[in-house]
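This report refers to the structure that appears directly beneath it.
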Amino acid sequence: MSSKKALKQVYKEMTFPKGVYQLRNKHNNKIFIGSSMDLGRAWNSLRVQLKSGNHANEALQRDWLAYGEEGFLYEIVEVLKESGEPGADHRKDVKALEQLVMLELAPYGEKGYHKKSN
Numbered sequence: 006m007s008s009k010k011a012l013k014q015v016y017k018e019m020t021f022p023k024g025v026y027q028l029r030n031k032h033n034n035k036i037f038i039g040s041s042m043d044l045g046r047a048w049n050s051l052r053v054q055l056k057s058g059n060h061a062n063e064a065l066q067r068d069w070l071a072y073g074e075e076g077f078l079y080e081i082v083e084v085l086k087e088s089g090e091p092g093a094d095h096r097k098d099v100k101a102l103e104q105l106v107m108l109e110l111a112p113y114g115e116k117g118y119h120k121k122s123n
């Protein structure tokens, strides 16, 4: 096996912490909830979107522009336990975990950046 193929295989077999995160506004305690298959990369991705003014959540984007990165705290809320199955797809599990956290924390109105869906 070539070293390039071997490296690709090693990467495929790597596991990253998956789960739910929140971005907390330090000034008003509003939270934004999200989930990711790689919680480490999620913060970098979120930060890039917000710094470039491209985040889909307008209220969060507005507050980021007002308070800057220093005004927010990235926190991991829940980490999905690994099933032990190599190559298992955990996307549905991560989304289900996110929905549970949304129910528990209710990040709507004055508490958060999400809009309640009917």
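In this text, residue positions in the sequence shown follow the working numbering: the first is 6, and each later residue adds one.
Glycine included, C-beta positions come from ideal geometry on N, C-alpha and C.
Keep in mind the model is a prediction, meaning the values are calculated, not measured.
Practice problem: Return the Cβ separation of N30 and Y72 in integer angstroms, given the expectation that the two are a contact with Cβ distance under 8 Å. | Solution: So it is a contact: roughly 7 Å between Cβ atoms.
Quiz item: In this structure, what does DSSP give as the bridge partners for L28?
Solution: Answer is F37 and Y79.
Quiz prompt | N-terminal and C-terminal residue of the alpha helix (DSSP H) that S50 is part of | solution = Per DSSP, S50 is one residue of the alpha helix (DSSP H) stretching across L44 to K56.
Self-check item: Distance, E109 Cα to K86 Cα
Solution: Here the alpha carbons of E109 and K86 stand approximately 19 Å from one another.
Quiz prompt | Whole-number beta carbon distance between G117 and F37, since they are thought to touch under 8 Å | solution = Confirmed, about 7 Å.
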